[in-house]
Amino acid sequence: MSDVAEEAAISMGGLYRYFANKQELFAGVIADIHERLYEASAAKEHDFAAEPFEALVESNRGYLELYREHSDVMRAFMQAAHVDDRFRDYWWQMRNRHIDRFANALKQKHGITEVNGVDAALVAESLACMVEQAAYVWFAQEQLHDRPVDLDAAARSVAHTWYMTFFAGR
C-alpha cells in the first residue's frame, strides 16, 4: 500500500480512508476499469440498427483498446477471479452486463432472438467468451507472441465473427 500511496502522492492515512486493504484497492481499480470498458464498448459513431458491422467493429475496438491499455491489471484480475469468489463474482457480473446489453440491442434493433434455434443471448455469451479470451491472449499475454497483435485487425477479426454469426444470410 505504501507504493500506491507514494505513486498517488497521498499519505498512507489518506489511502486507508478510502481502501481498507489491497483487495479493496484492487476491487476499486477493477470497478473503474469495468465501467470504462463498458462505455468504450458502446458504439457511438455507428448506429447498430443501420450499420451493424461498423458498430461491431467500433464497439469491439473500444473494448480491446482499453483492455490493451490495462492488460497488466486485467491479467491480475483474471488470475484473482480463478482463486477468489469475490473477484469471480465480479467478473461474472461484468461480462453478463455486456452480454445483456448486446442481446437487448439485437432484439430491439434487429428482432433477433435466436440463431439456428439457439437463444441469441447464449450465442452472444459464446462470442463474448471469444472476445474475452482473445483480449487476454493478445494483450495480457502479449509477450508470448512473435509480434504485437494489431488492434484494428483484432477488432475487425472478432467483429467479423459476431457479424457472420448474427447477420449472415439475412
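So the sequence shown is numbered by the working numbering: it starts at 2 and just counts up by one.
In this text, a Cβ means the ideal position worked out from N, Cα and C, and glycines have one as well.
Taken through DSSP and simplified to helix, strand or coil, glutamate 52 comes out as coil. Judged by DSSP secondary structure, arginine 89 falls within the alpha helix (DSSP H) whose first and last residues are 86-111. Valine 132: member of the alpha helix (DSSP H) spanning 121-136, first to last residue.
Of the residues Asn97, Arg89 and Thr166, the one whose Cα lies closest to the Cα of valine 119 is Thr166. Leucine 57 places its beta carbon less than 8 Å from that of tyrosine 164. Excluding five sequence positions before and after valine 132, the CB atoms of its chain that fall closer than 6 Å to its own CB belong to Val159, given in chain order. When the five nearest sequence neighbours on each side are left out, the beta carbons in the same chain lying within less than 7 Å of the beta carbon of phenylalanine 54 are those of Ala160 and Tyr164, in order along the chain. Residue pairing from DSSP places glutamate 115 in a beta bridge opposite Asp120.
Counting the other CB atoms within 10 Å of its CB gives leucine 123 a total below 16, which places it among the exposed residues. Cβ neighbours of alanine 141 within its own chain (closer than 6 Å, five residues either side excluded): Ser72, Met75 and Arg76. With 16 or more other CB atoms across the displayed protein chains lying within 10 angstroms of its CB, tryptophan 139 is buried. Within the model, the alpha-carbon separation for arginine 171 versus glutamate 52 is close to 14 Å. Distance from the CA atom of arginine 89 to the CA atom of phenylalanine 78, rounded to whole angstroms, is 9 Å.
By the criterion of a C-beta distance shorter than 7 Å, histidine 35 is surrounded in its chain by Met95, once the five residues flanking it on both sides are discounted.
When Ala155, Ile31, Phe103 and Thr114 are compared, the shortest CA-CA separation from glutamine 134 is found for Ala155. Look at serine 42 here: in three-state DSSP terms it is coil, with no helix or strand label.
Arginine 157: member of the alpha helix (DSSP H) spanning 152-168, first to last residue.
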